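Counting in our numbering, the sequence shown runs from 130 upward without gaps.
Where is the CB? At the ideal position from N, CA and C, for every residue including glycine.
The structure displayed is predicted, hence computed values, not measured ones.
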Amino acid sequence: MPQLDTSTWLTMILSMFLALFIIFQLKISKHSFYLNPEPTPTKTPKQNTPWETKWTKIYLPLSSPL
Numbered sequence: 130m131p132q133l134d135t136s137t138w139l140t141m142i143l144s145m146f147l148a149l150f151i152i153f154q155l156k157i158s159k160h161s162f163y164l165n166p167e168p169t170p171t172k173t174p175k176q177n178t179p180w181e182t183k184w185t186k187i188y189l190p191l192s193s194p195l
């Protein structure tokens with residue numbers, strides 16, 4: 130039964146890591162990032178609801194006496 134020749138595996142693995150590193154560096158270098166990103170303040174509009182102006186009482190069905 131022939132033996133598996135693993136003498137070139139180290140070279141192949143190292144060259145694969147080098148190629149992947151170069152490819153990712155090239156992909157990342159094409160992105161343009163903001164120099165100083167700042168959050169923009171968001172304001173939510175105030176919604177007037179009819180129950181805010183008057184007092185209401187909510188009666189639960191289970192809280193009423195029998």
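Please state the DSSP three-state secondary structure of Ser158.
In the structure shown, Ser158 sits in a helix (DSSP, three-state: H, G or I).
Does DSSP put Leu149 in a helix, a strand or coil?
DSSP places Leu149 in helix when its eight states are reduced to three.
Looking only at its chain, what residues have a beta carbon closer than 7 Å to the beta carbon of Trp138, apart from the 5 residues adjacent to it on each side?
Within the same chain, Trp138 has no close Cβ partners at all.
Taking 6 Å as the limit between beta carbons, can you name the residues of its chain near Gln176, skipping five residues before and five after?
So no residue of the chain qualifies.
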